[in-house]
Amino acid sequence: MWKDYSSDYMKNNPSSSISIMMAAFLSALLLSLLCGLFYNAWKYDIERIELEEGGWQSRLVGEFDQEDIEVIKNFASIKEAVVNEEESADGEIVIDLYFDDMRTVFQDTLQIAGLTGVSPESIVYNYELLAMYLIRDSQDTSPRLSFPFFILVTVMASFSLIVIIHNAFAVSMNARIHQFGIFSSIGATPKQIRVCLLQEAALLCALPVMAGNLFGIGASWGLLEMANRLGSSAAGRHEAVFSYHPLVFLFTLLVTVVTIWISAWLPARKLSRLTPLEAIKNPGELQLKRKRNSPILTFLWGVEGQLAGNALKAQKKARRMASFSLILSFMAFTLMQCFFTLSGISTRETYFEKYQDAWDIMVTVKDTEVDSFQETEKIQALEGAESVVVYQKAAAKRRIAEEEMSEELKAGGGFLPASANDVIQTDGGWVVNAPIVILDDESFLAYCRQIGAAPRLDGAVILNRIRDVTNPDFRHPRYMPYIKENAVSVLQRSHKEEITVPISVLAYTAQVPVLREEYATLDYYELVHFMPVSLWTELKEQLGAATEDTYIRILAGENVTLEELNTLQEKINQLIGGKYDIESENRIQEYQTNEKQIHGMMTILGGFCVILAIIGISNVFSNTLGFIRQRRREFARYMSVGMTTAEIRKMFCIEGVMTAVRPILFTLPLAVLAVWYMLRMSYLEAGVFLAEAPFIPVAVFMLAILGTVTLAYYLGWRNLRKINLAEVLRDDTMY
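Start counting the sequence shown at 690; every next residue gets the next number (our numbering).
In structure tokens, the structure reads:
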């Protein structure tokens, strides 16, 4: 009997059945898509960290013998212990540790350090990798909130998708309480009614749920491929390989099935608590809260506004998740647009515009020292290359005594604000980093002439400036003299080094050579030395090796085009590409690539925001269309007391406007505060941002929300007009 009833009901009420099937399909699709994207984003980030930092979870640094290494390898929870040859130096051995259970990494690493006599300060943890598994330690001061925030957003979005299914069932089942009350009065038990509802749910949702999951998997693969294509030109980015773990599929399927089961079981449970008389008397309509009128809507639109406000309050619980999804999507889209606008302005000002006159083509010559590079003159002779500088970088230390410090530096607190990683205090003063920039001889002589110093090759030039650390505005830094001028600067390899290397100082200056380099940005206390390659050749045995790569900076003529830079770049590649392993880039192409990457990221994140908006709009459609059946009696009573269809249509319009406008009105002040905070943190003038603020994309997204909500209410009104309201006041029939 119940099988026949369910079959007949679905045939006679196709709109209700289609509503449930569409809700199940859309929810399963979006849930599968969301979980698939989240899993692949998580997996990609782990791959990125392992490629950049390594897959180790903790690292020990110290002096170990073979017995210590065996103790470490035989520790119970150690999966693998590897001696890192690249990081080991100066008698210290670095051992990378991999654990069977990463949750024990902090306590087990401390125990291993105790067994091998290593101090806790010599332990290094891969905090970024551990954070991807939600393993945190109090010693990690970085917030690392992006991954937990994404989890939170995914969970909330998934919950809102679950609510879509639940609301679709709730609206359909609640409208039938009256009918099931009749069945209960003639002997149907709650168990029989529950079996009927679960049977309907299985028949309606089995195929849509499976199809939705499969389409979601395909959509997540498509979005990942699009991300790969958009980011293919990004430097240092590895290609994402799509994968879909079986547990992700089982999770989405299980969540959907459980949601459908609960959504069908709850009305039966509710009905089992009602007496047959109560169920029969239940009209299956919204219960309006007459004592809670909306004064604002009443003032603006009169009686229609008052009725619309009461209807919205009656549906408040059902609409809560729809409003939340719309708020979340609009907030995420607005903040994303503002963030990328700020990021684009900042990148342009601090990189492309700042260095647009410093380089046109940059070439990195791999594993080559500057004094062994013999092609400088040939590159300088190329047509279109107006200025060529070949240089390399090296690291050194410089001890600064108190009497050498400038008066301005002393007044600013000296080295007290400095980190122990940047400045080391010793008995004779403070040891600071003294990076060396080694220029080819001709470029060094040109630099000397630029700053007004005697053009000689037997000394160095010191960048004698230090940033005022009391001024946090990195966009407009203030500088002051660093040290008192002296004819000699004494360098050394490390703060423990006994051997010192005195260097003649040709000049102290606040000007830097025309290179695409930044100085003292991370370590404010660097004392940068510029020297010619001929002098470096004499000193490198004492100061140690330079970095592995040599750099070539080429400046072309003014108003150069991309085609001209590409031609010059190709000539350089042909000239030295066969002899050396090189990488080259040009400024205009780099700018276009950067713009492409930003637009690609905006497309991907914008798609995520659109998914959130679809979730909210789906809830709006589900609620609006589903509640039409429940509101038949409500509108019939309105018409019986004289309301016209035009007045009811006005009431519908008010409901639609409030449904769409509320999330926008709630979001805009929060977005303004968030943008104000970002401007404050980036020290960017509000006028600069407002000149490029993303008003149009935000307005389009806003209008899209308004338009789709309006469509939902229009469809609801169109369905309402088809109902014969005169017959609604009669007793309900079986269907």
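Even glycine gets a Cβ: it sits at the ideal position worked out from N, Cα and C.
Here the structure is a predicted model, which means the values were calculated and not measured.
Checklist entry - Going along the chain, which residues of its own chain have a beta-carbon closer than 6 Å to the beta-carbon of CYS638, five neighbours each way excluded? => result Residue 638 is absent from the structure shown; the chain starts at 690 and stops at 1424.
Next on the checklist: If you follow the beta strand (DSSP E) that VAL1120 is in, where does it begin and where does it stop?
Outcome noted: 1118-1122
Item to check | ASP1049 versus ILE1394, SER827, VAL1299 and LEU1244, residue with shortest Cα-Cα distance | outcome: LEU1244
Checklist entry - Closer than 8 Å, CB to CB, is ILE1277 near chain B or not? => result Structure shown: chain B not included; a single protein chain is present.
Next on the checklist: Check for me: the alpha helix (DSSP H) holding ARG748 runs from which residue to which?
Outcome noted: Looking at the DSSP string, ARG748 is not in any alpha helix (DSSP H); the run it does join, the beta strand (DSSP E), is 747-751.
Next on the checklist: Under DSSP, the beta strand (DSSP E) around TYR1080 begins and ends at which residues?
Outcome noted: 1076-1083
Checklist entry - For the segment 804-824 against the segment 749-758, are there 3 or more C-beta pairs whose distance is under 8 Å? => result yes
Next on the checklist: Mapping the DSSP letters down to three states, classify ALA1196 as helix, strand or coil.
Outcome noted: strand
Item to check | ILE784 - DSSP class collapsed to helix/strand/coil | outcome: strand
Item to check | Integer-rounded CB distance, given that VAL1054 should sit under 8 Å from PHE1239 | outcome: Before going on, a small fix: residue 1239 reads as Thr here, not Phe. Yes, THR1239 and VAL1054 are in contact; Cβ-Cβ is about 4 Å, under 8 Å.
Next on the checklist: Do GLY1141 and VAL1194 have their beta-carbon atoms positioned less than 8 Å apart in this structure?
Outcome noted: no
Checklist entry - Counting along the chain, where does the beta strand (DSSP E) carrying TYR1240 start and finish? => result Following the DSSP letters along the chain, one finds TYR1240 inside the beta strand (DSSP E) bounded by residues 1239-1244.
Checklist entry - Does the beta-carbon distance from ALA713 to ILE949 come in below 8 Å? => result yes
Item to check | Where GLY1331 falls, given that 16 or more other Cβ within 10 Å makes a residue buried | outcome: exposed
Next on the checklist: Going by C-alpha to C-alpha distance, which of GLN888, THR941 and LEU740 sits closest to LEU718?
Outcome noted: THR941
Checklist entry - Of all the options MET1370, ARG918, LEU1392 and MET899, which has the alpha carbon lying nearest to the alpha carbon of SER1035? => result That would be MET1370, whose Cα lies nearest to the Cα of SER1035.
Checklist entry - Does the separation of the CB atoms of ILE824 and ARG792 fall below 8 Å? => result In this structure, ARG792 lies closer than 8 Å to ILE824 by Cβ.
Item to check | C-alpha distance - PHE764 paired with PHE795, whole-angstrom precision | outcome: 14 Å
Item to check | LYS1067 and ILE1125 closer than 8 Å at C-beta | outcome: Result no, Cβ atoms of LYS1067 and ILE1125 do not sit closer than 8 Å.
Checklist entry - Mind checking VAL1079: buried by the 16 CB within 10 Å criterion, or exposed? => result buried
Checklist entry - Of the residues VAL1387, GLY1405, ALA1401 and LEU1232, which one's Cα is nearest the Cα of LEU1024? => result VAL1387
Next on the checklist: Any contact between the segment 1343-1351 and the segment 1130-1140? By contact I mean 3 or more CB pairs, one from each, below 8 Å.
Outcome noted: no
Checklist entry - Residue range of the alpha helix (DSSP H) that GLU1252 falls in? => result 1251-1265
Checklist entry - Hey, ALA1181 and THR1189: beta-carbon distance below 8 Å or not? => result In the sequence on display, residue 1181 carries Gln and not Ala. Yes.
Item to check | Rounded separation between LEU1257 and LYS1043 - CA only | outcome: Near 23 Å, if we compare the C-alpha coordinates of LYS1043 and LEU1257.
Next on the checklist: So, at 8 Å on beta carbons, what are the nonlocal neighbours of LYS980 in its own chain, with the 5 sequence-adjacent residues on each side left out?
Outcome noted: Model confidence at LYS980 stands at a pLDDT of 49, short of 50, so the residue's coordinates are unreliable; what they give is reported in the following sentence. Cβ neighbours of LYS980 beyond the five flanking positions: none.
Item to check | Burial state of GLY973, where buried means 16 or more other Cβ atoms lie within 10 Å | outcome: With a pLDDT of 49 at GLY973, under the threshold of 50, the predicted position of this residue should be treated as unreliable, though the coordinate-derived value follows. Label assigned to GLY973: buried.
Checklist entry - Per DSSP, which one or two residues make a beta bridge with ALA1149? => result VAL1194
Item to check | Cutoff 7 Å; reference GLU776; Cβ partners in own chain excluding five residues on either side | outcome: VAL783
Next on the checklist: Closest to VAL930 by C-alpha separation, out of ALA802, ARG737, ALA1021 and ALA953, would be which residue?
Outcome noted: ARG737
Checklist entry - Which class does LYS1285 belong to by DSSP, given the choice of helix, strand or coil? => result helix
Item to check | Neighbourhood of TRP910 by C-beta, 6 Å cutoff - its chain only, sequence neighbours within 5 removed | outcome: PHE931
Checklist entry - Helix, strand or coil: how does DSSP classify VAL1201 here? => result Shown here, VAL1201 sits in coil according to DSSP, grouped into three states, outside any helix or strand.
Checklist entry - Tell me which same chain residues have a C-beta within less than 8 Å of the C-beta of TYR1168, skipping the five on either side of it? => result Listed in chain order, the non-local C-beta contacts of TYR1168 below 8 Å within the same chain comprise ARG1154, ILE1155, ARG1156, ASP1157 and ALA1199, local neighbours out to five positions each way being set aside.
Item to check | Simplified DSSP assignment, three categories, for GLN1181 | outcome: strand
Next on the checklist: LEU1362 and PHE1378 - do their beta-carbons sit closer together than 8 Å?
Outcome noted: no
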